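Below: one structure, written as structure tokens.
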Amino acid sequence: MATAPGTAAVSANKAELIAIADAVAKEKLIDRAIVIEAMEDAIQRAARARYGAENDIRAKLDPNSGDLRLWRVVEVVEAVDDYFKQVNVKEAQKLQPGAVLGDYIVDPLPPIEFGRIAAQAAKQVIFQKVRDAERERQFEEFKDRVGEIITGVVKRVEFGHVVVDLGRAEGVIRRDAQIPREVVRVNDRIRSLILNVRRENRGPQIFLSRAHPDFMKKLFAQEVPEIYDGIIEIKAAARDPGSRAKIGVISHDSSIDPVGACVGMKGSRVQAVVQEMQGEKIDIIPWSPDTATFVVNALQPASVSRVVIDEEEDRIEVVVPDDQLSLAIGRRGQNVRLASQLTNKAIDILTEADASEKRQKEFVERSEMFQQELDVDETLAQLLVAEGFGALEEVAYVEVDEIASIEGFDDDLAAELQSRATEALERREEANRALRRELGVADDLAAMPHMTEAMLVTLGKAGIKTLDDLADLATDELVQKKRVEPRRRAESDTKRTEDKGGVLADYGLTEDQGNEIIMAARAHWFADEETGSDA
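Positions 1 to 535 (the working numbering) are the ones given, in order, by the sequence shown.
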């Protein structure tokens, strides 16, 4: 069928033309009108080759009878400049009585005989049009199905990528979207998630995945009616494809246990998902809106002593008993890594001994800082740290009563400590100002909103010294928080991999504040443009 339509379409009689159009439309699952249009286009091109490409030739194929009409469109003008597309009034009257200047009239042309070359060209035009229409149909059919699970048949395996026949189209499971060590053979039936559908020059590309966490979510929705009905919701999911996965579930009906419903009678429901995922172990965890509770649940089967949440750094410190460290970390860090993905937080795992050592170190460092900066003795400095003060800003800017309420303190001592803290901050600011100027950072940058001298020093060390340097940055390059892989405190552990984040990532600026700084730095660009336009 694929080679017949083009050749036949340009040499067949009327009935055959319509029959071919019907057959092609049915086979390719495209609109019959598109095939008729492709045939008309092919005939137009052949006619232009016969009568001259300079002519504006049109063709019309009657979709019911198969009658073909050819004509040339010409414009009625007073003086003819282009004899192929124009005609004077006198000649126009012969073609169409009543024609006047400015009219476009039709000049009927006799049918043409197709030679071998013309027939081949027409065939290519029809094939191209039909192919384009088929691609558009495939894109329209699958573009709104992203996120669905679809079943197909493995057509071939190329360079590790699996090409799947989806019936009306082909999809591809790239190597990184496959379950590791899964053996896939040609003609195997395979289920996968429609991950993305993109328009590309060679046609729509349908990307499938069996490794994405959403694939596991959809499988559970198929196996667990309560999830499909919305009674149970999967709030979070994380996978190490082919090895282990975790999902956080919550029930919107207090009478239904979300974990039990997902496991099913004798594990029947979860086992069906496990089998589809090639034996991947799945931990089903009750989800909680309380971050600390959810982290404790996510680190199962390890038990947790306590959780410390650092909101500014968006990190969580988890303290576990010494004998639970290996279990909390998991083989090659798998358990803590999945828990981190599940909670979308960076997690540090510490033993009781590690946590005690860290607290002691921080206590000593802060005490020494207060001794030096506030010029107080060790006992007073330690009292401040013990009461939760960790930075000069906290001493300088809290209410005096809060400091005076510490046992052994009074209002006069609290006021004196605040005064010394303010002076220490001013000295620090002055030292940073001198260093900033030594680095060559322009004073203009100091006028930017939310900017401190310490930030300006950091910018200078990063080579950002002028307004233009700052204005050239994107917001995430300026303030994006650091992303750190979960820290695993074990001698055999690999080192942490760290994304340094934005230049000012350590200063806790929000994205809105970053945008404000960048826009303020760019303000002189717009002022220059306005001045130039006025000139």
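Where is the CB? At the ideal position from N, CA and C, for every residue including glycine. Source: prediction; values computed, not measured.
{"query": "Given 8 angstroms as the limit, is there contact between the segment 369-385 and the segment 335-351, that is, 3 or more CB pairs closer than that?", "result": "no"}
{"query": "Would you mind reading off the limits of the beta strand (DSSP E) that contains residue 181?", "result": "That residue, residue 181, is in no beta strand (DSSP E); it is neither H nor E in DSSP."}
{"query": "Per DSSP, what kind of secondary structure is residue 494 in: helix, strand or coil?", "result": "Residue placement at residue 494 is poorly supported in this model, since its pLDDT is 38, which falls under 50; the coordinates still yield a value, given next. Three-state DSSP puts residue 494 in coil, outside helix and strand."}
{"query": "Please state whether DSSP places residue 256 in a helix, a strand or coil.", "result": "coil"}
{"query": "Considering only the alpha carbon of each residue, which of 475, 466, 510 lies closest to residue 525?", "result": "466"}
{"query": "Would you list the one or two residues that DSSP bridges to residue 108?", "result": "71"}
{"query": "Taking the runs of the alpha helix (DSSP H) that are 4 residues or longer, which of them lie wholly in the segment 250-323?", "result": "258-263, 268-276, 291-298"}
{"query": "Is the beta carbon of residue 249 sitting closer than 8 angstroms to the one on residue 258?", "result": "yes"}
{"query": "Determine which residues share a DSSP beta bridge with residue 208 and list them.", "result": "173, 194"}
{"query": "Hey, would you say residue 316 sits closer than 8 angstroms to residue 307, going by beta carbons?", "result": "yes"}
{"query": "Under a three-way DSSP split, which group does residue 523 fall into?", "result": "helix"}
{"query": "Are the segment 229-244 and the segment 279-287 in contact at 8 angstroms, needing three or more beta carbon pairs?", "result": "yes"}
{"query": "Measuring only the C-alpha atoms, how far is residue 488 from residue 357?", "result": "Confidence at residue 488 is low in this model, with a pLDDT of 45, below 50, so the placement of that residue is unreliable and no value is reported for it."}
{"query": "State the DSSP-derived secondary structure class of residue 460, mapped to helix, strand or coil.", "result": "helix"}
{"query": "Following the continuous alpha helix (DSSP H) through residue 339, name the residue where it begins and the one where it ends.", "result": "334-343"}
{"query": "Residue 110: buried (16+ other C-beta within 10 angstroms of its C-beta) or exposed?", "result": "exposed"}
{"query": "Using only the alpha-carbon positions, how far apart do residue 448 and residue 314 sit?", "result": "26 angstroms"}
{"query": "Below 8 angstroms, can you find three or more Cβ-Cβ pairs linking the segment 192-209 to the segment 229-237?", "result": "no"}
{"query": "Within a Cβ cutoff of 7 angstroms, which residues of the same chain sit near residue 217, ignoring the five residues on either side of it in sequence?", "result": "234, 237"}
{"query": "Using only CA atoms, which one of 377, 381, 430, 376 lies nearest to residue 362?", "result": "381"}
{"query": "Under the DSSP definition of a beta bridge, which residues are partnered with residue 233?", "result": "250"}
{"query": "Ignoring anything shorter than 3 residues or poking outside the segment 31-65, list the beta strand (DSSP E) runs there in chain order.", "result": "57-61"}
{"query": "Report the partner residues of residue 88 according to the DSSP bridge assignment.", "result": "77"}
{"query": "Do residue 22 and residue 32 have their C-beta atoms closer together than 8 angstroms?", "result": "yes"}
{"query": "Alpha carbon to alpha carbon, how far is residue 276 from residue 267? Give it in angstroms, no decimals.", "result": "14 angstroms"}
{"query": "Sorted by chain position, which residues of the same chain lie with C-beta nearer than 8 angstroms to residue 523's C-beta, five sequence neighbours on each side aside?", "result": "none"}
{"query": "Do residue 107 and residue 50 have their beta-carbon atoms positioned less than 8 angstroms apart in this structure?", "result": "no"}
{"query": "Kindly indicate which three-state DSSP category residue 364 falls into: helix, strand or coil?", "result": "helix"}
{"query": "Reducing DSSP to helix, strand and coil, say where residue 514 ends up.", "result": "helix"}
{"query": "Anyone know if the C-beta pair for residue 273 and residue 263 falls short of 8 angstroms?", "result": "no"}
{"query": "With H, G and I counted as helix, E and B as strand and the rest as coil, what does DSSP make of residue 395?", "result": "helix"}
{"query": "Taking one C-beta from the segment 154-168 and one from the segment 185-192 each time, how about it: are there three or more such pairs within less than 8 angstroms?", "result": "yes"}
{"query": "If you drop the 5 nearest sequence neighbours on each side, which residues of the same chain put their C-beta closer than 6 angstroms to that of residue 491?", "result": "Here the model assigns residue 491 a pLDDT of 37, short of 50, so the residue's position is not dependable, and the following value carries that caveat. Nothing meets the Cβ criterion."}
{"query": "Considering only C-alpha positions, which residue in the set 387, 355, 347, 346 is nearest to residue 366?", "result": "387"}
{"query": "Rank 457, 418, 414 by C-alpha distance to the C-alpha of residue 434 and give the top, closest one.", "result": "457"}
{"query": "Candidates 93, 399, 431: which alpha carbon is nearest residue 416's?", "result": "399"}
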